[in-house]
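Notes follow once the structure below has been shown.
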Amino acid sequence: MTIALVTGATQGLGLALVEGLAARLGPEDTVYLTGRDIDRVTAAVATIPAGGARVRAELLDVGSPGAIEKLAHELKERHGGVDIVFGNAVMRVGPDDDPRAIVDTYTEVNNFGTTRLLRSFAPLLRDNGRLLVVASSFGTLHYLAPALHHHFADLPDLDDVDREVAAWRDLVKDGTARATAWPGFVNIPSKIGQVAAVRTLAAQRRTEDVARGILLAAVCPGMMNTPTSALWWDVSTAPTPAEAAVPLLDLALEPADPDHYGQLIRYGKVLPWV
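Laid out in structure tokens, this is it:
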């Protein structure tokens, strides 16, 4: 019996991941579709075609301290562990948003939500499990000035990742980030922080996880044709969320490649960190 969980799953890529898992898994398996609004979660579950795995609605606001830990405890009690986790919850930012006004909530969801997910669900992974954090190609140090690389390179612990993200967040909030080498597009440091979190935890768990067939990685779905992406770029020819979900589902369900462990993966290939 496979137990899978997708965060941020009421629309877009998250919903496509749930649909794909439900279609590829069997009736003895369970996929948890989660989100922070129970009405939207329930409505999303109702859209999943019948057949395949059972899809269950679960309320989860990753930006709420304690919520992820609570759900992890409940799933451990119900199932003893989990097999597949997609961390897809995200607060999106538009061109007209003032970074100073939104960065608190933005980092609470995107970054601290990611580290909470890693802390709570990595210990629950069963043999051959998958914990995949949806990030972006912006999550490589290539997009950060070299003078800033030390903030996210080779951090020893997830607490250190949180501290670096919080320090950057505070610079954005008080406006001083604009006078430094930090990029104005908050998505870049945030995505780098997500990938750094995966790399940090992977460095601690690598030997045992690889021996057990577990894959812990960040994943980049590539550009997608979604309303949010359309605010920034021309995405008229980009893949749909359902199309973008396919290589992510392959990572979750096919045998793990040890070379993918702890890396940022796009279309089955490793994106260099530096």
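For the sequence shown, our numbering gives the first residue as 312, with consecutive numbering after it.
Every residue gets a Cβ at the ideal spot worked out from N, C-alpha and C, and that includes glycine.
Quick caveat, the model's predicted, so the values are computed rather than measured.
Whole-angstrom Cβ separation of residue i and residue j, contact assumed at under 8 Å?
i    : j    : result
L512 : L469 : 6 Å
V444 : G504 : No, V444 and G504 are not in contact; Cβ-Cβ is about 11 Å, not under 8 Å.
D372 : T426 : Incorrect: roughly 15 Å between the Cβ atoms, too far for contact.
A492 : A458 : 6 Å
Considering only C-alpha positions, which residue in the set the options is nearest to residue i?
i    : options                   : result
G337 : L582, Y454, V356 and V366 : V366
R437 : P467, P569, K387 and V585 : K387
G405 : G579, A327 and F496       : F496
P552 : L562, A320, D340 and T537 : T537
M534 : S547, G524, N399 and L527 : S547
E369 : P583, E385, R474 and L562 : E385
I525 : G323, R441, V393 and T353 : R441
R517 : P434, G374, L459 and A549 : P434
V393 : A549, V317, I499 and V581 : V317
G362 : Y343, A334 and Y578       : A334
R389 : L428, T418, Y343 and N422 : Y343
T418 : H462, A354, K502 and R577 : K502
V455 : N498, H571, P410 and A446 : According to the sequence as given, residue 455 is Leu; it is not Val. Comparing Cα-Cα distances from L455 to each of N498, H571, P410 and A446, the minimum goes to N498.
Mapping the DSSP letters down to three states, classify residue i as helix, strand or coil.
i    : result
V497 : coil
V396 : strand
V266 : Residue 266 lies beyond the stretch modelled for the chain, which goes from 312 to 585, so this question has no answer here.
T345 : strand
L428 : helix
A522 : helix
I576 : strand
I314 : strand
L371 : coil
D438 : strand
R403 : coil
A529 : strand
Do residue i and residue j have their C-beta atoms within less than 8 Å of each other?
i    : j    : result
L326 : A315 : no
G346 : T321 : yes
V586 : F432 : Summary: the structure shown does not reach residue 586, with the chain confined to residues 312 through 585, and so no result is reported for it.
A400 : G377 : no
P494 : W479 : no
C531 : L582 : yes
P566 : V521 : no
H460 : L452 : yes
D561 : G579 : yes
A528 : H571 : yes
E330 : I359 : yes
A364 : T341 : yes
Please check if any C-beta of chain D sits within less than 8 Å of the C-beta of residue i.
i    : result
V329 : Although the question refers to chain D, the structure presented lacks it and comprises just one protein chain.
Indicate, with yes or no, if the ligand FAD has a heavy atom lying under 7 Å from the CB of residue i.
i    : result
I525 : In terms of ligand content, the structure shown is empty, and the ligand FAD therefore cannot be addressed.
**Request:** Mind the definition here: the segment 409-416 touches the segment 468-487 only if three or more C-beta pairs lie below 8 Å; say whether that holds.
**Result:** yes
message: Measuring CB atoms only, is the segment 546-557 touching the segment 499-514, in the sense that at least three cross pairs come out at less than 8 Å?
response: no
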